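Residue numbers (full-length UniProt numbering): 1 to 345.
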Amino acid sequence: MSAEKFSVANEQIQALGIKTSAVQSMKQTVSTRYPGQVVVPPKAEQIVSSPLEGVVVQLLVGEYQAVRKGEPVVRLSSPAMSQLQLQLLQASARATLARQAYTREQKLFDEGIIPQRRAQEAQATLKEAEATLVQTKAELALAGMTPAMIEQVIRSGIPSDRITLSAVQDGIVSNISVRPGQRVDGATSLLNITQVDALWLDVQIPAAASIGIQPGAGVTVVDKGINGRVINLSPTLSATSQFVVLRAEIENANGALRPGELVTVEIPVQAAGKSWDIPLSAVARNKTDSVVFVRTPDGFEARPVKVEVSAGQLVRVQGNISEQDQVAVAGVIALKGAWLEEDGE
């Protein structure tokens with residue numbers, strides 16, 4: 001659609017209530033609002049799971065309770081744990097005997113009493129026993145035992161079927177999936193611990209609106225006074241809504257937001273090229289196109305524009321207009337009728 005001029009007498013302008021306003025070169029910040037949801041970053045959530053099959057003996061925390069790193073949260077009873085500790089004691093005993101045998105054989109070899117082969121065989125047996133001990137300790141570590149707890153079992157010589165699981169981070173117990181007395185398999189989720197001081201926002205925005213939004217751009221949660229920054233935008237569109245998911249990171253030090261909460265997010269629009277801020281009432285639609293009516297000495301000229309974004313009563317556009325131009329902001333419907341009539345449409 002090309003720009004077109006048409007005549008409008010001054011008497012008609014006054015009679016039709018047509019008013020004009022000067023174009024502004026982005027003198028105001030235009031922001032748009034979109035729906036969003038508060039989500040938990042993967043790194044902020046710990047899933048406490050059962051390392052072995054067993055029975056839940058005691059829950060040491062309640063749902064929504066704050067916990068500290070290292071604080072015990074659940075106790076289990078597991079025959080598999082006592083079996084592992086028995087293997088630990090056996091491996092430790094074998095390693096001790098192998099170490100004593102190697103020391104004795106090496107001494108006899110140094111004195112020339114036995115051949116070197118026997119000392120080498122004793123050394124190989126010691127290495128094998130130590131490797132088995134290391135492997136057993138690793139299995140117990142995966143089952144939730146600390147090095148201090150493992151050494152305590154070795155010193156006492158008494159295996160136990162109890163497992164105490166602790167929080168690995170500060171946070172809130174956001175979900176408890178089991179109850180005391182319940183049997184669980186290995187890797188069963190028992191409870192979730194969530195850090196809520198730093199959260200994410202997932203914001204649904206139209207694909208066209210995502211153009212020009214870069215990582216690091218600021219966002220604001222409306223009515224909460226919480227600011228954040230854009231982390232990334234999804235590279236694909238939602239098949240159902242054709243929207244892009246914008247992800248932003250926010251600080252939640254005062255706990256004003258909760259995971260799962262639906263919020264309204266305000267995002268400043270970055271202009272692409274030369275853009276202009278005009279009242280929303282100045283833009284007229286003609287089929288699939290948008291136009292503004294620019295004042296000329298004899299009337300007006302319809303000039304095509306591309307709407308970048310609208311926010312409230314302000315709209316940001318690109319087009320063949322300049323800061324000296326006066327655009328119609330009232331009586332636009334009447335001007336559109338006069339323009340189409342002169343154009344023969």
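The beta carbon of each residue, even a glycine, is placed where N, CA and C say it ideally should be. Bear in mind that the values here come from a model prediction, so they are computed numbers and not experimental data.
- Remark: C-beta atoms of Leu-76 and Val-55 approach each other more closely than 8 Å.
- Beta bridge pairing from DSSP links Asn-10 with no other residue.
- Within the UniProt domain "CusB-like barrel-sandwich hybrid" (46-193), the complete beta strand (DSSP E) segments at least 3 residues long are 54-59, 72-77, 162-166 and 171-176, listed from N- to C-terminus.
- Here the alpha carbons of Lys-306 and Val-196 stand approximately 41 Å from one another.
- Assigned with DSSP and collapsed to three states, Ser-210 falls in helix.
- Val-265 and Val-222 do touch by the CB rule: their CB atoms are close to 7 Å apart, below 8 Å.
- Residues of the same chain with a CB within less than 7 Å of the CB of Val-178, apart from the 5 flanking positions on each side, are Val-56, Val-184 and Leu-190 in chain order.
- Between the segment 108-115 and the segment 123-134 there are fewer than three C-beta pairs closer than 8 Å, too few to call the two in contact.
- Straight-line spacing of the CA atoms in Ser-210 and Leu-246 works out to 8 Å.
- Looking at the DSSP output, Val-23 bridges to nothing.
- Close CB contacts of Trp-339 within its chain, under the 6 Å cut and outside five residues either way in sequence, are with Phe-6 and Ala-302 (chain order).
- Residue pairing by DSSP puts Lys-306 in a beta bridge opposite Gln-318.
- If you draw a straight line from the Cα of Pro-72 to the Cα of Glu-308, it is about 54 Å long.
- Note on geometry: alpha-carbon atoms of Gln-37 and Pro-268 lie some 18 Å from one another.
- Bridge partners of Glu-266 according to DSSP: Arg-33 and Thr-220.
- Look at Val-332 here: in three-state DSSP terms it is helix.
- Between Leu-199 and Val-40 a beta carbon distance of about 6 Å is seen, short of the 8 Å cut, so the two are scored as contacting.
- Annotation for Glu-323: no beta strand (DSSP E) segment contains it, and DSSP assigns it neither H nor E.
- Ranked by Cα distance from Pro-180, the options Gln-58, Ala-187 and Arg-94 are led by Gln-58.
- Collapsing the DSSP output to three states places Lys-274 in coil.
- In the three-state scheme derived from DSSP, where H, G and I count as helix and E and B as strand, Ser-281 is classed as helix.
- Beta-bridge analysis with DSSP links Lys-287 to no other residue.
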